[in-house]
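Trainee: Sequential numbering from 5 applies to the sequence shown in my numbering.
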Amino acid sequence: MKYFIYLLFMAVSVFAGVMLYKSNSLYGIITLSGAAAAALMIIGDIFLSGKEAKKGSVYPKLLDTSVIIDGRIKDICRAGFLEGTLIAPKFVLHELQYIADSSDHMKRSKGRRGLDILNDLRKMPSVTLEIVDKDYPQTREVDQKLVLMAKETGAKIITNDYNLNKTAEIQGVKILNINDLSNSVKPSFLPGERIGVKIMKEGKEKEQGIAYLTDGTMIVVDNARKLLNKKIDVVVTNVLQTDAGRMIFARYEQGGDSRENRGARGYFKRPFRRNDRNQNRNNNTNSTTQSAPVSEAHSEEPKKENE
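#1: Relative to the C-alpha of GLU173, which candidate in GLY213, GLU211, LYS155 has its C-alpha closest?
#2: Distance check for ASN183 and ILE199, CA to CA, integer angstroms please.
#3: Name the residue from VAL96, GLU134, PHE253, LEU97 whose alpha carbon lies nearest to the alpha carbon of VAL238.
#4: Flag this pair as yes or no: are the beta carbons of LYS202 and ASN227 separated by less than 9 Å?
#5: Run the CB neighbour count on THR163, radius 10 Å, all protein chains shown included, and call it buried at 16 or more, exposed below.
#6: For GLY220, count neighbouring C-beta atoms within 10 Å of its own C-beta (all shown protein chains included) and say buried if the count is 16 or more, exposed if not.
#7: Rounding to the nearest angstrom, what Cα-Cα distance links GLU56 and VAL62 in this structure?
#8: Work out the CA separation of LYS178 and ALA159 for me, nearest whole Å.
#9: By Cβ distance below 7 Å, which residues in the same chain neighbour ASN181 in space, the five residues on each side in sequence not counted?
#10: Name, in chain order, the residues that DSSP records as bridge partners for VAL225.
#11: From the DSSP output, in three-state form, read off GLY118 for me.
#12: Measuring CB to CB, does ARG229 end up less than 9 Å from GLU206?
#13: Rounded to whole angstroms, how far is the Cβ of VAL240 from the Cβ of PRO195, which I believe are closer than 8 Å?
#14: Is the segment 93-109 close to the segment 67-83, with three or more CB pairs under 8 Å?
#15: Along the chain, where does the alpha helix (DSSP H) that runs through MET153 open and close?
#16: Just to confirm my understanding: we take TYR140, look at its own chain, exclude 5 residues before and 5 after, and list those with CB closer than 6 Å. What are they?
#17: Can you tell which of LEU185, ILE91, MET204, LYS208 has its C-alpha closest to the C-alpha of TYR216?
#18: Since I believe SER106 is in contact with GLY118 (beta carbons under 8 Å), could you give me their beta-carbon distance rounded to a whole number of angstroms?
#19: Excluding the five sequence neighbours on either side, which residues of its own chain have a C-beta within less than 8 Å of the C-beta of THR143, listed in chain order?
Written as structure tokens, this is what we have:
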């Protein structure tokens, strides 16, 4: 409406300026100058408003099948970390329905879980979820359909699928990976740091045990194969970070006690030090020196009796 008024004013000004200019009137020149100023005002306003919109724009987000089934997207939206419109294409819904109708119990549960997650997102007042009925018949792959839609709409793809992540990046599509967000908020561990874990199962290599943190991070512990179901303190040796997740490597020191046996085995007693050994040695020397005259006295008594 604003631009329409500007254009109407400019058209009237141009018409009146031309008519007055033909009559050799000074008002014609002034009117034409006003029309030119109005034209510049319209062009500048359009340019600045477009620049501001681009600067403060919020990209729409396409939801991948894997991130819907994962379920963490609901908690992220509830916490208010996502802005803009969430888009669930119809071909993603069809894939969820296909998984929900699977004969495999695990797949069927995942598919139904994904549908429930979408229903929960639609009920959230702070979330704008759109179901877009658009398909790309030139390809049958859902991942490729998402990439094509992202290119067409300028949207970002939310996923935790490693292969889709790499495919989209190669084609210049921006990705929001839920695993990256999850890894960024996990507590960090440095080599040499001690942490308490519970050995849950045996590892693949000899003498290895496997433990897990509360966030699901796997810890490979050396020298812990025989400590199943025991809580122990381990020393972090290395942390491996990849696009697929994080893995921690640790070592159980052979002389250490398990947490369950600390009290029974005197874990909190002061350890024996070298100074203690020297002190004991000095005490033994002093006791030997003090007892020497006593023995000599006893040895002299029989001599007096013999005399």
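From the three backbone atoms N, C-alpha and C, an ideal C-beta is built for every residue, glycine too.
All values reported here derive from a predicted model rather than from experimental measurement.
Mentor: Taking the structure as given:
#1: As a working mapping, residue 173 is identified with position 169 in the sequence shown. Nearest C-alpha to GLU173: LYS155.
#2: Position 195 of the sequence shown, counted from the first residue, corresponds to residue 199. Position 179 of the sequence shown, counted from the first residue, corresponds to residue 183. Spanning the two alpha carbons is a distance of roughly 23 Å.
#3: Position 234 of the sequence shown, counted from the start, is the residue given in the question as residue 238. With distances taken between Cα atoms, VAL238 lies closest to PHE253.
#4: To locate residue 202, count along the sequence shown from 1; it is residue 198. To locate residue 227, count along the sequence shown from 1; it is residue 223. For LYS202 and ASN227, no; Cβs fall outside 9 Å.
#5: Mapped onto the sequence shown, residue 163 falls at position 159. Buried, by the Cβ-count rule.
#6: Within the sequence shown, numbered from 1, the residue matching residue 220 stands at position 216. Exposed is the call here.
#7: Taking the sequence shown and counting its residues from 1, one reaches residue 56 at position 52. Taking the sequence shown and counting its residues from 1, one reaches residue 62 at position 58. Low confidence applies here, because GLU56 scores a pLDDT of 42, under 50, leaving its location unreliable; read the following figure in that light. Approximately 12 Å between the Cα atoms of the pair.
#8: Numbered from 1 along the sequence shown, position 155 holds the residue referred to as residue 159. Numbered from 1 along the sequence shown, position 174 holds the residue referred to as residue 178. Distance from the CA of ALA159 to the CA of LYS178, rounded to the nearest whole angstrom, comes to 8 Å.
#9: Residue mapping note: residue 181 aligns to position 177 of the sequence shown, counting from 1. The residues are THR163, ASN164, ASN169.
#10: The residue you call residue 225 lines up with position 221 of the sequence shown. Answer by DSSP bridge pairing, in chain order: GLY213, ALA254.
#11: Taking the first residue of the sequence shown as 1, we reach residue 118 at position 114. GLY118 falls in the helix class under three-state DSSP.
#12: On the sequence shown, residue 229 is found 225 positions in, with the first residue counted as 1. On the sequence shown, residue 206 is found 202 positions in, with the first residue counted as 1. Between ARG229 and GLU206, the C-beta spacing is below 9 Å.
#13: Sequence index remark: in the sequence shown, residue 240 carries index 236 (1-based). Sequence index remark: in the sequence shown, residue 195 carries index 191 (1-based). Going by Cβ atoms, the distance from VAL240 to PRO195 rounds to 6 Å, so yes, they are a contact pair.
#14: Judged by Cβ distances under 8 Å, the segment 93-109 makes contact with the segment 67-83, as three or more pairs qualify.
#15: By 1-based counting over the sequence shown, the position of residue 153 is 149. First-last of the alpha helix (DSSP H) with MET153: 146-157.
#16: Translated into the one-based positions of the sequence shown, residue 140 becomes position 136. Residues LYS149, LEU152 of the same chain have their beta carbon placed closer than 6 Å to that of TYR140, with the five preceding and five following residues left out of the count.
#17: On the sequence shown, residue 216 is found 212 positions in, with the first residue counted as 1. When only C-alpha atoms are compared, the closest one is MET204.
#18: Sequence index remark: in the sequence shown, residue 118 carries index 114 (1-based). Sequence index remark: in the sequence shown, residue 106 carries index 102 (1-based). With 8 Å as the limit, GLY118 and SER106 do not qualify as a contact, their Cβ atoms being about 12 Å apart.
#19: Within the sequence shown, the letter at position 139 stands for residue 143. Scanning its chain for C-beta atoms nearer than 8 Å, with the 5 sequence neighbours on each side dropped, one finds around THR143 the residues LYS149, LEU152, in chain order.
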